[in-house]
Each structure stands twice: as C-alpha cells, then as structure tokens.
Amino acid sequence: MTERIERSPRRGRADIEGGPASYLSMGRGGVPALLLHGFAGDSLTWQFNAAALAAERRVLAVDLPGHGASTLDVGDGRVGAFAPWLLRLLDALEIPRVHAVGHSMGGCVALELARQAPDRVASLSLVASAGLGPDFDLEFLQRVAALESVEDGRDCAARLFARPWLLAGRVGEVMHAQAADPRRRAALERIIAGSFVEAHRSLDPVDWMAFSMPIQLLWGREDRIIPVPSADRLPPAAPLHLFDKAGHLPHSEAATPVTAILRDFLSACDPQ
C-alpha cells in the first residue's frame, strides 16, 4: 500500500521569485528525473512515462512558465530565462541534482539549465528537442497560439502524431482552451516572438564541448514539427534513438520503448 501511494502523482506548488511553479511529483529517492514539456503542453505530457520512471526515483514534472498552473509571466519570452526559475524551484524543494529530460521546447530549457548549472544536471535526455537547429515548423507554433476553434485544435493535434491517436482530440481541445484564454495566448505569443522567430532564421550550432554530462537524444522518425537534425548538429558520440511510426510526441506514441530507454540511461548515469 505504501509503495502504491508514493508512486501516485501529487500536485505541488512553490511560490518562488519569478512567479509560482506548479508541478507533479511521484516516487522517492535517487537522483530525481526533472521532466520538461514542450510548447503549449504541461506536466501531463508525461502521463505515459512518469509512473514507470518513479519505480526507481523521484519524478518531478513541471509546468513551465506560461503553461499549466504555473506563472503566466514569461518575461521577454526567452525560454533560456526559464532555467534560473527552475533552479529556484529545485532550491525550494531541496533537490541538489537532477536528470533533465526535455521534450521540444523543454529540451531547449534543459540545455540551458545544463549550461548555466552543470553541477545540478546529472544527465540530459533530449526528446524531439528544440534549440538544435533552425529547421522547425514556426507556422505550426503560431497557429497553435492563435487557435480559433476546437476543430482547429484537433487539426493541430493530429499533426503532432504519425498515426491517428486515440487522445489527439482531447489534446486539441486542451490546446484550444489555452489559446482561448487571452492571458495564456499572450504568453504563448511572447514565447514565440522571444525564442523562436529569430531561431527560425538562423541558429548557431550548440557547443557540445560545453556539456560534461552524458547526453542522449530520442526522436520520432515521422516528426513533422522538428525533423531529426543533421549529424553535424548533434552531440558527437551521443546515442540517438529513432522510433518508427512516431511523430513529435514519441514519449506518447512509443511510450513503452521510450520509457525503457530513459530508465536504463538514467540508471547508468546515477552515481555508483
């Protein structure tokens, strides 16, 4: 009974500088896994992965600024500024070190967290990550931030997946609800303007030599939002896991193999 309770998600909130942080926590012990969602998502993005990861360690799935139940204050919209906010959250929760797992925009945030505080990041797992190159669907992001109807939301959600997906309709409804809230729409639009418009024109390659922690990449072969970057954009010698019949959300469409790879990688990167 105790184990089942500790692996059930618990919603938490920390009032920190920069605005409140909402998160889901589950499991205990070990080096925690910090799960960071993508643009227009939230902590529930990881609903198919968190419980299995929590069998071995604490899992913390955070609503990033402008998303979920966290602060809607996104400053100038630069997602790099989310990294200090995350560090304040980790300090408030007395978590000294994490395995950072970031999807899409969350991957960009995870990279910045590792760049700013390498001693706080034990490993990096980048899932269909933004921030590696200028080849991504900017028009899709702009459309998501300005959805006018539930049907538009469902159409956008379908583009996230390689195949028809049972929950795509619900994803589209949630995306539309966000865009229908003027404050949330403004936050999403500011993030696009502050982080993605310029990156779409040009983005310098990541200096992978600046990262000392182990890194892995996970990608859907049929990702229509952020295609797999060219080899010169990827960290040398880092494993790249590609998933057939998966689009921009491989951790949903290929949840079982993605979670297994994450579990093995995090365990291998744990202090021995």
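Per my numbering, the sequence shown starts with residue 41, numbered consecutively. We put the beta carbon where it would ideally sit given N, CA and C, even for glycine. Just so it is clear, the structure is predicted and the values come from calculations on it, not from any experiment.
With 16 other Cβ atoms within 10 Å as the buried cut-off, status of residue i
i: Leu76; result: buried
i: Gln256; result: buried
i: Pro49; result: buried
i: Pro72; result: buried
i: Met215; result: buried
i: Glu134; result: exposed
i: Glu191; result: exposed
i: Ser65; result: buried
i: Arg68; result: exposed
i: Pro29; result: The displayed coordinates of the chain run from 41 to 312. Any statement about residue 29 would go beyond what the structure contains.
i: Arg98; result: buried
i: Ala150; result: buried
i: Pro269; result: buried
i: Ala94; result: buried
Bridge-paired residues (DSSP) for residue i
i: Met313; result: For residue 313 there is no data in the structure shown, the boundaries of the chain being 41 and 312.
i: Gln256; result: Ser165
i: Leu76; result: Val102 and Gly142
i: Arg51; result: Leu64
i: Leu280; result: Leu257
Residues of its chain near residue i, where Cβ-Cβ distance is below 6 Å and the 5 sequence neighbours each way are ignored
i: Glu262; result: Ala202 and Gly287
i: Gly58; result: Trp125
i: Cys148; result: Val119, Ala170 and Gly171
i: Thr111; result: Gly59, Pro60 and Pro105
i: Ser307; result: none
Same chain, Cβ closer than 8 Å to residue i, five either side skipped, listed in chain order
i: Glu293; result: Phe201, Ala202, Arg203, Trp205, Gly260, Phe283, Lys285, Ala286 and Gly287
i: Arg225; result: Ala185, Ala186, Gln218 and Ala219
Contacts around residue i, its chain only, beta-carbon distance under 7 Å, and the 5 residues preceding and following it disregarded
i: Met253; result: Ala154, Pro158, Val161, Ala162, Ser163 and Leu164
i: Ala295; result: Phe88 and Asn89
i: Asp310; result: Gly70 and Val71
i: Tyr63; result: Gly52, Ser83, Leu100, Ala101, Val102 and Asp103
i: Trp4; result: This structure leaves residue 4 out entirely; the chain is present only between 41 and 312.
i: Ala132; result: Ala54 and Ile56
i: Phe236; result: Leu178 and Leu181
i: Val114; result: Pro105, Gly106, Ala227, Arg230 and Ile231
Quick one: any contact between the segment 217-231 and the segment 88-107, if contact means 3 or more CB pairs under 8 Å?
Verdict: yes, contact present.
Three or more C-beta pairs closer than 8 Å, one from the segment 213-221 and one from the segment 239-247: is that the case here?
no
At which residue ranges does the segment 103-149 contain complete alpha helix (DSSP H) runs of 4 or more residues, listed in the order of the chain?
122-132
Could you pull out every unbroken alpha helix (DSSP H) segment of at least 4 residues lying fully inside the segment 282-309, listed in chain order?
290-293 and 295-309
Length at least 4, wholly inside the segment 154-198: the alpha helix (DSSP H) runs in chain order
178-185
4 or more residues per run - each alpha helix (DSSP H) lying fully within the segment 211-272:
Qualifying alpha helix (DSSP H) stretches, in chain order: 222-231 and 237-241.
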